[in-house]
Amino acid sequence: MRALLRSLPITVFALAATAEAESAATCESQLSAPAREIYSATLAQKPTKDTAREIIVAQVEAMIRDGKLSPVDGRAAGEAAGKCLELLE
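Here the sequence shown is numbered in our numbering, starting from 9 and rising by one per residue.
Now the structure itself:
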């Protein structure tokens, strides 16, 4: 019984992490192609709460420089990608 109780917090944490990942995956599936590219590139850099915004901004700026996005579309795509990334925190 004690062993079961000791493993309960780990199980609850794992379930919460799985739910967060599922929510983020659902969110990602609804992103536009540019927002999905920003999301994936940001996620690949293993962002923290403190670095996520600057990574997203750098991705958006690079896409604008490369002519892939306008500044207006870049802002919208970056914000959408950021909302999905917040689900993983």
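Note that CB positions come from ideal geometry on N, CA and C, so glycine has one too.
- Separation of Arg73 and Tyr47 (C-alpha to C-alpha, rounded to the nearest whole angstrom) is 18 angstroms.
- Separation of Lys76 and Ser31 (C-alpha to C-alpha, rounded to the nearest whole angstrom) is 27 angstroms.
- Secondary structure note for Ser48: its alpha helix (DSSP H) is the uninterrupted segment 41-52.
- In this chain, the alpha helix (DSSP H) harbouring Glu69 covers 60-73.
- For Ile63 and Thr26, the gap between their C-alpha atoms comes out near 24 angstroms.
- DSSP places Glu97 outside both helix and strand once states are collapsed to three, so it counts as coil.
- Taken atom to atom, the span from the alpha-carbon of Thr50 to that of Thr34 is near 17 angstroms.
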